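>
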Amino acid sequence: MTVSLYQTGVSGLLASQQQLATTGHNIANVNTEGYNRQRADQNASVGLNNGNNYIGSGTYIQDITRLYDQFSHREQLLNQSNLGNADSLHARLTQLDQVMSTSGNAVVGSLEQFYQSLNGVADNPSDSGLRSIVLSQANVLSNNFNELTNNFDNMTTAVNGEIEQVAAKISEISVELAKINETIMHSNGSLQTGKPNDLLDKRDQLISELSEYTRVSTVEDTNSVLTVMIGQGTTLVAGITPLTLRVNSGDPDPLKTELQLVSGSSSVALNGATLGGSLAASFEFRDEHLSQARTEIDRLAMAISSTLNDSQANGLDLNGIQGANIFTDINTAQLQQGRVLAHSTNAPASTAQTQITINDVSLLPTDEFEVRFDAGVYTLYNLTTGANENLGAPGSGTPAGTHTPTSPDYGFSFVETGVPVAGDTFTVIPTKNSAALMKATLTDGSAIAASSAIGVTPSSNNVSDGKVEIINVIDPVAAQAFATPPTNIGILVDVYESAPGTFSYRIYDADPASPPPTPPSVVGAIASGTFPIGSNAVIGLPTATPAFEIEISGQPSGQGALAPEKFVIDDAFGPGNSGNAVAMAKTQEQGVTNGGNETFNKSIAVTTSVVGSKASNANLSADTAQALFTQAYNRNQATSGVNLDEEAANLLKYQQAYQAASQIISTANTIFDTILSAVR
Numbered sequence: 000m001t002v003s004l005y006q007t008g009v010s011g012l013l014a015s016q017q018q019l020a021t022t023g024h025n026i027a028n029v030n031t032e033g034y035n036r037q038r039a040d041q042n043a044s045v046g047l048n049n050g051n052n053y054i055g056s057g058t059y060i061q062d063i064t065r066l067y068d069q070f071s072h073r074e075q076l077l078n079q080s081n082l083g084n085a086d087s088l089h090a091r092l093t094q095l096d097q098v099m100s101t102s103g104n105a106v107v108g109s110l111e112q113f114y115q116s117l118n119g120v121a122d123n124p125s126d127s128g129l130r131s132i133v134l135s136q137a138n139v140l141s142n143n144f145n146e147l148t149n150n151f152d153n154m155t156t157a158v159n160g161e162i163e164q165v166a167a168k169i170s171e172i173s174v175e176l177a178k179i180n181e182t183i184m185h186s187n188g189s190l191q192t193g194k195p196n197d198l199l200d201k202r203d204q205l206i207s208e209l210s211e212y213t214r215v216s217t218v219e220d221t222n223s224v225l226t227v228m229i230g231q232g233t234t235l236v237a238g239i240t241p242l243t244l245r246v247n248s249g250d251p252d253p254l255k256t257e258l259q260l261v262s263g264s265s266s267v268a269l270n271g272a273t274l275g276g277s278l279a280a281s282f283e284f285r286d287e288h289l290s291q292a293r294t295e296i297d298r299l300a301m302a303i304s305s306t307l308n309d310s311q312a313n314g315l316d317l318n319g320i321q322g323a324n325i326f327t328d329i330n331t332a333q334l335q336q337g338r339v340l341a342h343s344t345n346a347p348a349s350t351a352q353t354q355i356t357i358n359d360v361s362l363l364p365t366d367e368f369e370v371r372f373d374a375g376v377y378t379l380y381n382l383t384t385g386a387n388e389n390l391g392a393p394g395s396g397t398p399a400g401t402h403t404p405t406s407p408d409y410g411f412s413f414v415e416t417g418v419p420v421a422g423d424t425f426t427v428i429p430t431k432n433s434a435a436l437m438k439a440t441l442t443d444g445s446a447i448a449a450s451s452a453i454g455v456t457p458s459s460n461n462v463s464d465g466k467v468e469i470i471n472v473i474d475p476v477a478a479q480a481f482a483t484p485p486t487n488i489g490i491l492v493d494v495y496e497s498a499p500g501t502f503s504y505r506i507y508d509a510d511p512a513s514p515p516p517t518p519p520s521v522v523g524a525i526a527s528g529t530f531p532i533g534s535n536a537v538i539g540l541p542t543a544t545p546a547f548e549i550e551i552s553g554q555p556s557g558q559g560a561l562a563p564e565k566f567v568i569d570d571a572f573g574p575g576n577s578g579n580a581v582a583m584a585k586t587q588e589q590g591v592t593n594g595g596n597e598t599f600n601k602s603i604a605v606t607t608s609v610v611g612s613k614a615s616n617a618n619l620s621a622d623t624a625q626a627l628f629t630q631a632y633n634r635n636q637a638t639s640g641v642n643l644d645e646e647a648a649n650l651l652k653y654q655q656a657y658q659a660a661s662q663i664i665s666t667a668n669t670i671f672d673t674i675l676s677a678v679r
């Protein structure tokens with residue numbers, strides 16, 4: 000009896016001691032990240048048979064249980080991954096928004112200053128000081144575009160660096176998880192019933208850390224060993240075997256770094272955008288948001304360069320020479336070749352050389368394209384819309400090897416030479432490098448083509464709303480020569496209503512010694528034709544190889560039957576002529592980009608506002624993700640977290656149980672001493 004009572008007291012003492020130790024362990028780890036509260040589960044020992052009764056033999060600690068709810072933990076992991084994604088995307092878009100608000104506004108300001116200086120030349124075309132200011136502002140404008148794209152480059156480099164750091168961290172976590180799996184597997188021997196709770200906590204903490212970088216899911220086997228998967232089910236840790244992530248240069252664009260999952264000597268490519276967490280946010284930002292902003296800025300720089308260069312080429316400078324480019328030609332060999340990126344998988348035997356020529360900046364989209372050579376033809380694929388078009392066989396097109404899409408017309412041509420091999424693939428970015436390589440190439444203020452080569456003077460006798468306008472000057476020097484002796488003494492255009500609802504035009508040399516014959520005769524005319532009411536006529540002059548084009552519009556009905564309205568086109572060149580400078584200044588208000596629907600200022604304003612809207616939406620998403628994570632974390636902590644008040648109460652309870660068990664031992668001792676005294 001006494002021995003049994005003594006054993007009962009000792010068992011209670013030991014149980015209370017383990018409960019006190021477990022409670023103390025909880026209290027000590029109250030601030031340990033990832034710690035799950037533990038509980039000593041107590042059970043009664045099997046009673047001893049004594050006659051017809053079973054007498055209790057005390058107690059024991061059956062298990063040290065980790066209070067862990069796998070469902071709330073998985074919910075926390077999911078929300079932690081979403082939070083990592085939202086926070087990372089918000090931070091990056093906010094940075095991009097700041098860049099667009101500073102460097103982007105600098106571009107807007109310098110563009111405005113450039114046009115103000117151009118208006119100054121339009122007001123006083125002979126002022127050399129005003130001309131120098133135009134060139135200075137052109138340099139400022141191009142430098143601001145260069146600076147903006149430099150900021151984009153720095154952001155790309157930073158994102159690539161972050162991707163590399165996160166990949167290295169994920170690899171470290173993978174190796175550590177495999178080691179813990181191995182330790183847990185060995186600790187779960189055939190005679191071992193308890194769980195290595197602190198190791199399990201360490202493993203869960205690593206998985207929680209991993210979930211910040213990527214979406215995580217796990218599968219546990221009978222030995223408590225986890226298989227860890229990331230993204231959409233890619234295995235990162237297979238039991239005790241870790242796999243790692245490696246970052247490689249992009250193909251075909253080396254700046255678009257790619258991820259590979261590595262196991263020994265083998266590897267497989269990963270789609271970073273589908274991995275979830277902050278890693279997916281980095282890929283999304285770099286390949287979507289930053290790429291879109293860069294493409295739109297490149298398109299704007301190209302549109303400004305092309306429009307102003309074309310407008311400059313329409314006039315004559317102070318020396319009577321056709322205006323040279325103000326900015327870098329958008330179709331330099333460097334730019335054309337840089338718009339096409341050949342894939343590294345192209346056959347070594349391929350000798351295909353490719354480039355992109357811009358035909359019409361107003362039609363250029365911000366889409367990316369891919370050209371593939373297969374079955375003897377080139378095919379253009381729009382990677383944004385999914386549309387595709389057969390471009391024909393190598394060497395076809397006009398000129399040979401020039402393939403221009405028509406369905407729809409994207410405003411560029413794919414130009415190829417050499418011999419391709421089936422499977423050759425080329426990525427096409429039509430706007431690439433336009434802002435980075437934009438330079439002000441005009442260095443002499445007198446070379447600004449402020450003067451128009453020719454002008455139109457309507458007869459003072461005209462009474463209708465009909466008009467003749469010069470709409471395009473292809474070669475101002477040739478246009479001037481065509482309108483002046485010895486070719487012509489000016490050019491006379493007369494228009495009359497030859498039949499109800501039909502107008503006829505005739506074009507003659509304006510030599511007063513040889514007036515045109517009476518309508519409707521066209522004897523000796525340079526050109527003639529008709530057009531219906533409500534329409535217009537566009538005529539290129541000279542007719543064989545046009546140096547300029549005129550447009551006849553309105554309803555040029557003179558007084559009386561067949562009475563012609565007359566217009567004279569003559570030499571307009573002179574140091575005081577600012578006709579072309581005025582036309583150049585008006586390009587500020589012309590719709591050029593996005594199908595001719597956006598002015599330069601509107602284009603950059605749209606880009607800036609879109610980035611700002613994305614940053615604002617990302618902020619809201621980050622706040623929502625934070626709230627959802629906090630709720631999931633609190634739910635998990637309600638089960639697994641340490642409550643100091645509860646642990647303090649347990650400490651007192653187990654202390655009292657310890658003291659009571661000690662009293663049982665003391666009582667057993669007294670009884671045993673009494674029995675010994677009785678037999679002495």
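Heads up: the sequence shown begins at 0 in numbering that gives the first Met the number 0, then just goes up one per residue.
The C-beta atom is built at its ideal place from N, Cα and C for all residues, glycine as well.
If you're wondering where the values come from, they're calculated on a predicted model, not measured in any experiment.
#1: Please identify the residue among Pro-555, Leu-379, Thr-544 and Asn-138 whose C-alpha is closest to the C-alpha of Thr-529.
#2: Spatial neighbours of Thr-486 within its chain, please: C-beta separation below 7 Å, excluding the five flanking residues on both sides.
#3: Would you mind working out which of Gly-454, Thr-240 and Glu-415 sits nearest Ala-392, comparing C-alpha positions?
#4: Closer than 8 Å by C-beta to Thr-542: which residues in its own chain qualify, once you throw out the five before and the five after it? Chain order, please.
#5: Using CA atoms only, rank isn't needed, just tell me which of Ile-663, Thr-155, Ala-399 and Leu-382 is closest to Val-427.
#6: Which one or two residues does DSSP pair with Thr-7 in a beta bridge?
#7: Rounded to whole angstroms, what's the CA-CA distance from Gly-128 to Ser-608? Just pull it up for me.
#8: Could you tell me if Tyr-696 is buried or exposed, where buried requires 16 or more neighbouring beta carbons within 10 angstroms of its beta carbon?
#9: Excluding sequence positions up to five away, which residues of its chain have a Cβ less than 6 Å from the Cβ of Lys-255?
#10: Assess, as a yes-or-no matter, whether the region 471-479 is touched by the region 534-553 under the definition of 3 or more beta carbon pairs within less than 8 Å.
#11: Counting only the same chain and skipping the five closest in sequence on each side, list residues whose C-beta sits under 6 Å from that of Ala-435.
#12: In the DSSP assignment, find the unbroken alpha helix (DSSP H) run with Glu-646 in it and report its ends.
#13: Using the DSSP secondary-structure output, state which residues sit across from Phe-413 in a beta bridge.
#14: Decide if Asp-203 is buried, meaning its Cβ has at least 16 other Cβ atoms within 10 Å, or exposed.
#15: Return yes when the Cβ of Thr-356 is within less than 7 Å of the Cβ of Ser-433, no when it is not.
#16: Nearest to Ile-549 by alpha carbon, out of Gly-533, Thr-673, Val-567 and Met-583?
#17: Hey, would you say Ser-451 sits closer than 7 Å to Gly-590, going by beta carbons?
#18: Mapping DSSP to helix, strand and coil, what is Thr-517?
#19: Between the region 392-408 and the region 317-328, are three or more C-beta pairs nearer than 8 Å?
#20: Using beta-carbon positions only, say whether Gly-322 and Ala-332 come within less than 7 Å of one another.
#21: Bridge partners for Ser-265 per DSSP, in chain order?
#22: Note down, in chain order, each residue of its chain lying with its Cβ closer than 8 Å to the Cβ of Pro-531, except the 5 sequence neighbours on either side.
#23: Starting from the Cα of Arg-130, find the closest Cα among Ser-445, Leu-274, Gly-575 and Leu-88 and give me that residue.
#24: Give me, in chain order, the residues of the same chain whose beta-carbon lies closer than 8 Å to that of Thr-623; leave out the 5 immediate sequence neighbours on both sides.
#25: Got a sec? Which residues, its chain only, sit under 7 Å from Gln-291 by beta carbon, not counting five neighbours each side?
#26: Could you name the residues of the same chain whose beta carbon sits closer than 6 Å to that of Thr-1, not counting the 5 residues immediately before and after it, in chain order?
#27: Going straight from the alpha carbon of Asp-96 to that of Leu-117, what length do you get?
#28: Report yes if the C-beta distance between Thr-21 and Ala-39 is below 7 Å; otherwise report no.
#29: Could you check whether Thr-327 and Thr-586 sit closer than 7 Å to each other, using their CB atoms as the reference points?
#30: Measuring only the C-alpha atoms, how far is Gly-575 from Pro-124?
#31: From Leu-13 to Asn-42, what distance separates their C-alpha atoms?
#32: Mind checking whether Asn-389 and Val-370 have CB atoms under 7 Å apart?
#33: Report, in whole angstroms, the separation of the C-beta atoms of Ser-602 and Leu-299, which I expect to be a contact under 8 Å.
#34: Tell me Tyr-380's beta-bridge partners as DSSP assigns them.
#35: Run through DSSP, which three-state label would Glu-550 get?
#36: Using the three-state DSSP reduction, which class does Leu-363 fall into: helix, strand or coil?
Checking against the coordinates, here is how it stands:
#1: Pro-555
#2: Ala-480
#3: Glu-415
#4: Ile-525 and Ala-526.
#5: Leu-382
#6: Answer is none; Thr-7 lacks a bridge partner.
#7: 37 Å
#8: Lying outside 0 to 679, the shown extent of the chain, residue 696 is not represented and no answer is given.
#9: Cβ neighbours of Lys-255 within its own chain (closer than 6 Å, five residues either side excluded): Gly-249.
#10: yes
#11: Thr-148
#12: It spans 643-677 - the alpha helix (DSSP H) in which Glu-646 sits, taken as one unbroken run.
#13: Ile-355 and His-402
#14: buried
#15: no
#16: Val-567
#17: no
#18: coil
#19: As far as the Cβ criterion goes, the region 392-408 does not touch the region 317-328, which means the pair count is below three.
#20: Result no, Cβ atoms of Gly-322 and Ala-332 do not sit closer than 7 Å.
#21: Ser-262
#22: Gly-500, Thr-501 and Phe-502
#23: Ser-445
#24: If we look at Thr-623 and ignore the five residues flanking it on each side, its Cβ neighbours are Ala-85.
#25: Thr-365
#26: Caution is warranted here: a pLDDT of 49 is assigned to Thr-1, below 50, making its placement in the model unreliable, and no coordinate value can be reported.
#27: In a straight line, the C-alpha of Asp-96 is about 30 Å away from that of Leu-117.
#28: yes
#29: Against a cut-off of 7 Å, the Cβ pair of Thr-327 and Thr-586 comes out as no contact.
#30: As the crow flies, the alpha-carbon of Gly-575 is around 6 Å from that of Pro-124.
#31: 12 Å
#32: no
#33: 5 Å
#34: Glu-369 and Asn-387
#35: strand
#36: coil
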